[in-house]
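Novice:
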Amino acid sequence: MFDSSHIFSDSFAHKENLVTGIEARTKVAFTVIALVINLLSPTVYTPLAIALFCLAALIAIGIPSRLLVLRLAMPLVMAGVVVITQIFFYGTTALFIIPFWGFNLVGYEEGLARGLLIMSRVIGGVSLIIFLSMSTPANKLLLAAAWFRVPKIFIELTLLVYRYIFVLLEEIITIRDAQRVRLGYYNWRRSMRSLSILGGSLILRAYDRAERVFEAMIARGYTGTMTIAYTEHFGRRDFVAAVCLSAILAILYLIGQVQA
Amino acid sequence: MLNKGAHWFRTHIALALALALGLLFLYPAPVYAMHIAEGILPANWAAVWYVPAILFVVIGILIIRRKTREVRGIMPLLGIAGAAIFLVSVFPVPVPVTGSCSHPVGTPLGAILVGPFISTVLGAVALLIQALFLAHGGISTWGANIVSMALVGSFVGFGAFVVFRKLNATIFVAAFAAGLFGDWATYATTSFELASALHGAGSLWGMFGAITVAFAPTQLPLGILEGLFTGGVVTLVYQRRPELLSRIIPNVFKPVPSAIEGGSK
């Protein structure tokens, strides 16, 4: 259920290295602009170059390649379905014909090209997102978002949700283990019943905990809204990093233009 | 161009193929088919779905802001409820036919607990965290995912719940309907979002049909399971702490003082 594949990406972001050292706002801006370039690119080369850059940077700072493959695998399942629908729906130039239960299935050349483009955009886009989230801790990311004028309530809510996911996760594991030793997941019927009880208990405990957390926050001077201020410095090093990333963006954009 | 008959023929072969594909994709254990991955939607369609998403999230934020003035403890409450809904939406629900697991949407449950507008905001938060830290969904497709999962899931689920309660259904049945219709509506919306962006020169509804059929073998039973799960959870919450639900939906619940059997109150 909550095995190692569910480790949040930012558990790697707390280490000190070249990529995590880049200031969060710069990385957020880089990722957003690169995502737009990725989506607008007319050829497969730009997305693949983006993926190559992001994955190389992540491997260089010591992210296990197994985890990168795992993160890419799930979106690719959906992309696979999309590619197959594109091959058989899009275009007019027949590429291949498969006899299929007495019918002929026609695959189209344009569809294949479009499918591959979408597939490459998925790889490029997902690589960019994990590049951002594996090198930036959630709190820095959200403070950067606050600097970009994202509503304060949204930031505060996201910080709280993010924090309590881990707390409630421990409660889930405790309850589930207790259910399991009482044969709560013995068959499908009992599994569904146990899951409902688990979900219900989780909600009830969440409400109880919210009351205690609120009291604790009041005791520490909470007045109804959190104070969120972006305090990080934009030094000379950050300026150099921003220039380098801008140059990379320009190169990525040009790759698409040249090939088109 | 192909004539009409040939086009019908082509579409239906594609449907058959999509069905076979759907069966194939049943087998990878956890299915995240609901989340549209980053990069699948072209830029213009990604932008189109952002419009309703931002509109409803902003309305939700304004409602929360108004409530923070009335109830000061609402932010920690919503934060922790949001975390609970996030975790519920990654619960592995066992699908009996295949032996694999799939995930509920969770927003119908959220809408019953905190109301549809706030549930949309919580859903948007959960989708952002999933997109960033788990690579389910995406940033450019965040808008589309908010519309299909947070917005449609919340409002259809909430609507189904209210309608069934008005028809004097029990809490379990009403919550079952909320989960069932919320889940199916999400699935239909996701299919429509994919089809409208990807049909190209072909028929929109042909593509919609193909995608719907491709995901039907997992999503149809999953809707029923989401219903059972939502029904179970809401009934349990109502039995133990009825005031949690009556505060948010005042007129829907009739007081049932003897409903507590072995509860904590």
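Listed in order, the protein sequences are those of chains Z and P.
For the first sequence, counting from 1, position 211 maps to 211 in this note's numbering; every step adds exactly one.
Add 260 to the 1-based position in the second sequence for this note's numbering, that's all there is to it.
Beta carbons are placed, not taken as given, at the ideal position from N, Cα and C, and that holds for glycine.
#1: For Leu-284 of chain P, count neighbouring C-beta atoms within 10 Å of its own C-beta (all shown protein chains included) and say buried if the count is 16 or more, exposed if not.
#2: Given a cut-off of 8 Å, decide if Phe-452 of chain P and Phe-468 of chain P are closer than it, judged by their beta-carbon atoms.
#3: CB-CB under 6 Å to Leu-411 of chain P, same chain, minus the five flanking residues each way: which ones, in chain order?
#4: Tell me where the alpha helix (DSSP H) around Ala-307 of chain P begins and ends.
#5: Assuming Pro-368 of chain P is part of the alpha helix (DSSP H), what are its boundary residues?
#6: Please report the residue range of the alpha helix (DSSP H) in which Pro-75 of chain Z lies.
#7: Please confirm if Ala-250 of chain Z has its CB atom under 8 Å from at least one CB of chain P.
#8: For Gly-413 of chain P and Gly-235 of chain Z, what's the separation of their Cα atoms in angstroms?
#9: Anything in the stretch 400-413 of chain P with a Cβ closer than 8 Å to a Cβ of chain Z? List those residues in chain order, please.
#10: Using a Cβ cut-off of 8 Å (strictly closer), state whether Leu-183 of chain Z contacts chain A.
#11: Reducing DSSP to helix, strand and coil, say where Pro-477 of chain P ends up.
#12: If contacts are defined as beta-carbon pairs under 8 Å, then Ile-345 of chain P and Thr-85 of chain Z qualify, I think. What distance do you get, rounded to the angstrom?
#13: Could you name the residues of chain Z that Gly-492 of chain P contacts, counting a contact when the two beta carbons are closer than 8 Å?
#14: At the 8 Å Cβ level, is Ile-173 of chain Z part of the contact set with chain P, yes or no?
#15: Taking 8 Å as the CB-CB limit, is His-363 of chain P close to chain Z?
#16: Do you know how far the Cα of Tyr-108 of chain Z is from the Cα of Leu-95 of chain Z?
#17: Since Ser-133 of chain Z meets chain P, which of its residues come closer than 7 Å, beta carbon to beta carbon?
#18: If we count the other Cβ atoms within 10 Å of its Cβ and call it buried at 16 or more, is Leu-464 of chain P buried or exposed?
#19: What is the rounded straight-line gap between the Cα of Val-258 of chain Z and the Cα of Ile-37 of chain Z?
#20: Hey, how far is the Cα of Ala-34 of chain Z from the Cα of Leu-40 of chain Z?
#21: Which chain P residues sit within Cβ distance under 8 Å of Val-44 of chain Z?
#22: So Pro-137 of chain Z contacts chain P; which residues on that side make the cut at Cβ distance below 8 Å?
#23: Heavy atom of the ligand NAP less than 7 Å from the Cβ of Glu-171 of chain Z, yes or no?
#24: Going by alpha carbons, who is nearest to Ile-165 of chain Z out of P:Val-374, P:Gly-487, P:Leu-338 and P:Ala-343?
#25: Could you tell me the alpha carbon to alpha carbon distance between Ile-295 of chain Z and Gly-115 of chain Z, rounded to whole angstroms?
#26: Cβ of Pro-288 of chain P less than 8 Å from any chain Z Cβ?
#27: Rounded to whole angstroms, what's the CA-CA distance from Pro-290 of chain P to Thr-225 of chain Z? Just pull it up for me.
#28: Cβ of Phe-12 of chain Z within 8 Å of Cβ of Ile-63 of chain Z?
#29: So, under 8 Å CB-CB, Leu-141 of chain Z and Val-28 of chain Z are touching, yes? Tell me the CB distance rounded to an integer number of Å.
#30: As a quick exercise: from Z:Glu-215, Z:Ala-138, Z:Lys-15 and Z:Tyr-230, pick the residue whose alpha carbon is nearest that of Phe-8 of chain Z.
#31: Considering Glu-156 of chain Z, what are the terminal residues of the alpha helix (DSSP H) in which it resides?
#32: For Ala-341 of chain P, which of P:Gly-375, P:Phe-415 and P:Pro-481 has the nearest alpha-carbon?
Specialist: With the structure as the only source:
#1: For the purposes of this step, residue 284 of chain P is taken as residue 24 along the second sequence, with counting starting at 1. With a pLDDT of 47 at Leu-284 of chain P, under the threshold of 50, the modelled position of this residue cannot be trusted, and the question is left open.
#2: Indexing the second sequence from 1 puts residue 468 of chain P at position 208. Indexing the second sequence from 1 puts residue 452 of chain P at position 192. Against a cut-off of 8 Å, the Cβ pair of Phe-452 of chain P and Phe-468 of chain P comes out as a contact.
#3: As a first step, residue 411 of chain P is located in the second sequence; it is residue number 151 there, counting from the start. Hits under 6 Å: Phe-316 and Thr-380.
#4: Working through the second sequence from its first residue, we reach residue 307 of chain P at position 47. Element bounds for Ala-307 of chain P: 303-330.
#5: Taking the first residue of the second sequence as position 1, residue 368 of chain P is located at position 108. First-last of the alpha helix (DSSP H) with Pro-368 of chain P: 367-374.
#6: As a first step, residue 75 of chain Z is located in the first sequence; it is residue number 75 there, counting from the start. That run of the alpha helix (DSSP H) goes 65-89.
#7: Taking the first sequence and counting its residues from 1, one reaches residue 250 of chain Z at position 250. By this cut-off, Ala-250 of chain Z is not an interface position.
#8: Position 153 of the second sequence, counting from 1, holds the residue named residue 413 of chain P. Position 235 of the first sequence, counting from 1, holds the residue named residue 235 of chain Z. Straight-line Cα distance between these residues: approximately 45 Å.
#9: Ser-400
#10: No chain A is part of this structure, whose protein chains are labelled Z and P.
#11: Working through the second sequence from its first residue, we reach residue 477 of chain P at position 217. Of the three classes helix, strand and coil, the one that applies to Pro-477 of chain P here is helix, per DSSP.
#12: By 1-based counting over the second sequence, the position of residue 345 of chain P is 85. By 1-based counting over the first sequence, the position of residue 85 of chain Z is 85. No, Ile-345 of chain P and Thr-85 of chain Z are not in contact; Cβ-Cβ is about 32 Å, not under 8 Å.
#13: Counted from its first residue, the second sequence places residue 492 of chain P at position 232. What Gly-492 of chain P touches in chain Z: Met-192, Arg-193, Leu-195, Ser-196, Ile-197, Gly-199 and Gly-200.
#14: In the first sequence, counting from the first residue as 1, residue 173 of chain Z sits at position 173. By this cut-off, Ile-173 of chain Z is not an interface position.
#15: Within the second sequence, numbered from 1, the residue matching residue 363 of chain P stands at position 103. Output row for His-363 of chain P: interface = no.
#16: As a working mapping, residue 95 of chain Z is identified with position 95 in the first sequence. As a working mapping, residue 108 of chain Z is identified with position 108 in the first sequence. If you take the alpha carbons of Leu-95 of chain Z and Tyr-108 of chain Z, they lie about 5 Å apart.
#17: Here residue 133 of chain Z is taken as the residue at index 133 of the first sequence, counted from 1. Chain P residues near Ser-133 of chain Z: Leu-392 and Phe-393.
#18: Within the second sequence, residue 464 of chain P is the residue found at index 204, counting from 1. The residue in question, Leu-464 of chain P, is exposed, as its Cβ has fewer than 16 Cβ neighbours within 10 Å.
#19: Looking up residue 258 of chain Z in the first sequence gives position 258. Looking up residue 37 of chain Z in the first sequence gives position 37. So the alpha carbons of these two residues sit roughly 14 Å apart.
#20: As a working note, residue 34 of chain Z is residue 34 in the first sequence. As a working note, residue 40 of chain Z is residue 40 in the first sequence. In a straight line, the C-alpha of Ala-34 of chain Z is about 10 Å away from that of Leu-40 of chain Z.
#21: Position 44 of the first sequence, counted from the first residue, corresponds to residue 44 of chain Z. Correct list: empty, because the minimum Cβ distance to chain P is about 12 Å.
#22: The count along the first sequence starts at 1 and reaches residue 137 of chain Z at position 137. Simply none; closest approach about 10 Å.
#23: Ligands displayed in this structure: none; no statement on the ligand NAP is therefore possible.
#24: Position 165 of the first sequence, counted from the start, is the residue given in the question as residue 165 of chain Z. Here the closest residue by C-alpha is P:Ala-343.
#25: Because chain Z is modelled from 1 through 260, residue 295 of chain Z falls outside the range shown and cannot be assessed.
#26: Along the second sequence, read from residue 1 onward, the residue named residue 288 of chain P stands at position 28. Reliability of the predicted coordinates at Pro-288 of chain P is poor, the pLDDT of 40 falling under 50, and no value is obtained from them.
#27: One-based indexing of the second sequence puts residue 290 of chain P at position 30. One-based indexing of the first sequence puts residue 225 of chain Z at position 225. Its pLDDT being 40, under 50, Pro-290 of chain P is placed unreliably in this model, and the coordinates cannot settle the point.
#28: Residue numbering aside, residue 12 of chain Z sits at position 12 when the first sequence is read from its first letter. Residue numbering aside, residue 63 of chain Z sits at position 63 when the first sequence is read from its first letter. Taking 8 Å as the Cβ cut-off, Phe-12 of chain Z and Ile-63 of chain Z qualify as a contacting pair.
#29: To locate residue 141 of chain Z, count along the first sequence from 1; it is residue 141. To locate residue 28 of chain Z, count along the first sequence from 1; it is residue 28. Going by Cβ atoms, the distance from Leu-141 of chain Z to Val-28 of chain Z rounds to 7 Å, so yes, they are a contact pair.
#30: What you label residue 8 of chain Z is simply residue 8 of the first sequence in a count that begins at 1. The candidate whose alpha carbon is nearest that of Phe-8 of chain Z is Z:Ala-138.
#31: Along the first sequence, read from residue 1 onward, the residue named residue 156 of chain Z stands at position 156. Here the alpha helix (DSSP H) through Glu-156 of chain Z covers 152-181.
#32: Position 81 of the second sequence, counting from 1, holds the residue named residue 341 of chain P. Out of P:Gly-375, P:Phe-415 and P:Pro-481, P:Gly-375 has the C-alpha closest to the C-alpha of Ala-341 of chain P.
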